[in-house]
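Each number in the numbering used here comes from the position in the sequence shown (counting from 1) with 1299 added on.
The C-beta atom is built at its ideal place from N, Cα and C for all residues, glycine as well.
Remember, it's a predicted structure, so these values are computed and weren't measured experimentally.
To start, the structure under review is shown below, and the notes come after it.
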Amino acid sequence: MSNPSILILPGDGIGPEVMAEVKKVITWYGAKRDLQFDVSDDLVGGAAYDAHGTPLHDDTMAKAQEVDAVLLGAVGGPKYDALDFSVKPERGLLRLRKEMDLFSNLRPAQCFDALADFSSLKKDVVAGLDIMIVRELTSGIYFGEPRGIIEEGNERVGINTQRYTESEIDRVARSAFELAMRRGKKLCSMEKANVMESGILWREVVTEVAKDYPEVELSHMYADAGAMQLCRWPKQFDVIVTDNLFGDLLSDAAAMLTGSLGMLPSASLGAPMGNGRPKALYEPVHGSAPDIAGQGKANPIACVLSFAMALRYSFDLGEEADRLEKAVEKVLADGVRTADLLGEEGVTPVTTSEMGDAILNAL
Ligand code: ATP
Ligand code: MG
């Protein structure tokens, strides 16, 4: 059998800096755990534009379709702000998501004990928090037709259409139930069935899919009530599934329960491939952070935890994913901090690569 394959797209800004630490981790797994991956490297975003005049070369797109997992750093930066929309760095990422048809966006909100004081919320609200938001990523109000700004009488009207087909709801619901099966077997679906037709259909389809997962305890919540509950007592949730728009808002809110952007991984999953595993792209939630790029200040943990998600969801190596997450936990418990994790005076932050080395040591 051939080794699992990974396409690494470091991208721009701090992307290559944090990805360098993930490469060290991958090398460690090869040397110490005898887990060999076929790793290839390519360009995306501004880096691809500089080399090829396009934020994603067709060859890179083709490679992304073939590998078991894509690991992406971040794209964009002020250097590219003036570019035409069609060749903006972000378009490279959007094309990957679209052509790989990555409809299920997984964003964990996990609070490491050592950072519980760092959250803006009370410690007992966030300590030990470990929830996952599944956001539908390829449909809904961001894509529905008709859309546009039209003239009506003597004024203009901005139009977006919330539109979901049964099959679109079905597939993202299934991915959320599958996830719930691997976690706490508890799923909360959020929509606004009280005021939206798409919400009524959403609730119906999710309830139907639930029949295939009798072990999972399903609940429904209106998304506004869900937002409130998420801030009030987030630990009541395990997995949350919701549409594109609500998921955008809820996952950003949930993310900030835990502290720094530099800590947050994500996965975007598509339909199962020949080997039964989903097409997948893993990336930190943060962007290219041009304000700190090139200074060795970036926190590599979000990117490292994204690789942990790849171990779990693309390679079925849940124990190895646990190992990596525990290593991160240990490093934090030992007080190792990059600058973004420091509030108090007097503690010296470590560099990106020192954080990577500390993780390797803990491994
Ligand atoms: P995008 O549009 O790509 O989402 P953004 O401008 O919204 O980018 P980021 O690039 O994520 O946001 O940066 C937001 C802030 O968070 C910046 O001040 C940045 O320095 C900080 N930041 C982001 N990622 C990290 C990281 N890994 N380590 C340390 N600080 C980070
Ligand atoms: Mg942003």
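Per DSSP, the continuous alpha helix (DSSP H) segment holding His-1351 begins and ends at 1345 to 1351.
With contacts defined as CB atoms closer than 8 angstroms, Val-1515 and Lys-1485 qualify as a contacting pair. By the Cβ rule, the stretch 1575 to 1584 counts as touching the stretch 1388 to 1404, because three or more pairs are nearer than 8 angstroms. At a threshold of 7 angstroms, Thr-1557 does not count as near ligand 1, since its beta carbon sits no closer than that to any of the ligand's heavy atoms.
In chain order, Arg-1455 and Gly-1457 place their CB closer than 6 angstroms to the CB of Ile-1448, counting only its own chain and leaving out the 5 sequence neighbours on each side. As DSSP reads the structure, Ala-1413 sits in no beta bridge. Here DSSP, grouped into helix, strand and coil, assigns Asp-1383 to coil. Taking 7 angstroms as the cut-off, the C-beta of Asn-1598 counts as close to a heavy atom of ligand 1. The Cβ-Cβ distance between Gly-1391 and Ser-1587 does not fall below 8 angstroms.
Checking the DSSP bridge columns, you'll see Pro-1571 partnered with Pro-1577.
Within the same chain, Arg-1406, Ile-1432 and Arg-1434 come within 6 angstroms of Ser-1550 by CB-CB distance, once the 5 residues on both sides are set aside.
In the displayed model, Thr-1557 falls within coil according to three-state DSSP, outside both helix and strand. Taking 3 residues as the shortest admissible run, the stretch 1386 to 1460 contains the following complete beta strand (DSSP E) segments, listed from N- to C-terminal end: 1403 to 1409, 1429 to 1435, 1443 to 1451 and 1454 to 1460. Burial of Lys-1596 is indicated by the presence of at least 16 other C-beta atoms within 10 angstroms of its C-beta. When C-alpha distances from Ile-1591 are compared across Ala-1553, Thr-1637, Ser-1605 and Val-1584, the shortest belongs to Thr-1637. Counting along the chain, Gly-1655 sits inside the alpha helix (DSSP H) bounded by residues 1651 to 1661. A distance below 6 angstroms between beta-carbons, with the five flanking residues on each side excluded, links Pro-1589 to the following residues of its chain, in chain order: Gly-1312, Gly-1376 and Pro-1377. By the neighbour-count definition (other C-beta atoms within 10 Å, threshold 16), Ala-1350 is an exposed residue.
Here Glu-1490 carries a strand assignment [DSSP, helix/strand/coil]. Rounded to the nearest angstrom, the gap between the Cα atoms of Gln-1535 and Ala-1347 is 43 angstroms. Taking one beta carbon from each stretch, the stretch 1469 to 1481 and the stretch 1522 to 1533 have fewer than 3 pairs nearer than 8 angstroms; the two do not touch.
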